[in-house]
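If you read the sequence shown in numbering that gives the first Met the number 0, its first letter stands for residue 0, the second for the next number, and so on.
Even glycine gets a Cβ: it sits at the ideal position worked out from N, Cα and C.
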Amino acid sequence: MELVTSTPTVKTPAERFTGDVYLNLLEAPAEPARLAVGLVRFTPGARTHWHAHANGQTLYVTEGVGLVGTRDGDVVRVGAGGTVKCPAGEEHWHGATDATFMSHIAIVVGDGQGDGTTWLEPVTDEQYAAALSATGDTR
Numbered sequence: 000m001e002l003v004t005s006t007p008t009v010k011t012p013a014e015r016f017t018g019d020v021y022l023n024l025l026e027a028p029a030e031p032a033r034l035a036v037g038l039v040r041f042t043p044g045a046r047t048h049w050h051a052h053a054n055g056q057t058l059y060v061t062e063g064v065g066l067v068g069t070r071d072g073d074v075v076r077v078g079a080g081g082t083v084k085c086p087a088g089e090e091h092w093h094g095a096t097d098a099t100f101m102s103h104i105a106i107v108v109g110d111g112q113g114d115g116t117t118w119l120e121p122v123t124d125e126q127y128a129a130a131l132s133a134t135g136d137t138r
């Protein structure tokens, strides 16, 4: 057994995120296990870039309100205690609303080469605004 009392907080790279986002990596994928788990904290308006996971992703929101959007325009507004499951290969993004912080635990099963994430282009301000509008956020 190992008790981990804290993990370092790192600012996420601008090549993968828009705005200020912070990560505490709780578990990194390492053979034979392939589980990756992180606590990710988004400031208002911050979000991931478009990305996909080889084996899917589960997001459990621990605090605040966030959005998860897909290429086909579907958007889910999710608050603390909510879980969103993104299927394998689905291009999506997630982040905070423009008025609240949002924290989630991100869970992925890696592909043997790492966490199995393919990072793509940023979510545009127009796409983000459309997601806010689609979920009834009119601020």
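Residue i - DSSP class collapsed to helix/strand/coil
i    : result
Q153 : A query on residue 153 cannot be resolved here, the shown segment of the chain reaching from 0 to 138 and no further.
A87  : coil
L131 : helix
E125 : helix
E1   : coil
L38  : strand
Segment limits, beta strand (DSSP E) that includes residue i
i   : result
A51 : 50–52
E26 : 20–26
R76 : 74–78
Within-8 Å CB hit, residue i to chain B
i   : result
V36 : No chain B is present in this structure, which holds just one protein chain.
Beta-carbon proximity list for residue i, same chain, < 6 Å, skipping 5 on both sides
i    : result
T134 : V74, R76
T17  : R46, P121
Residue j beta carbon less than 8 Å from that of residue i
i    : j    : result
V67  : M101 : no
A105 : P43  : no
A53  : D110 : yes
Whole-angstrom distance between residue j and residue i, CA atom to CA atom
i    : j    : result
D97  : E30  : 39 Å
G88  : T69  : 11 Å
V64  : L119 : 24 Å
Q112 : D19  : 27 Å
Same chain, Cβ closer than 7 Å to residue i, five either side skipped, listed in chain order
i   : result
A27 : A35
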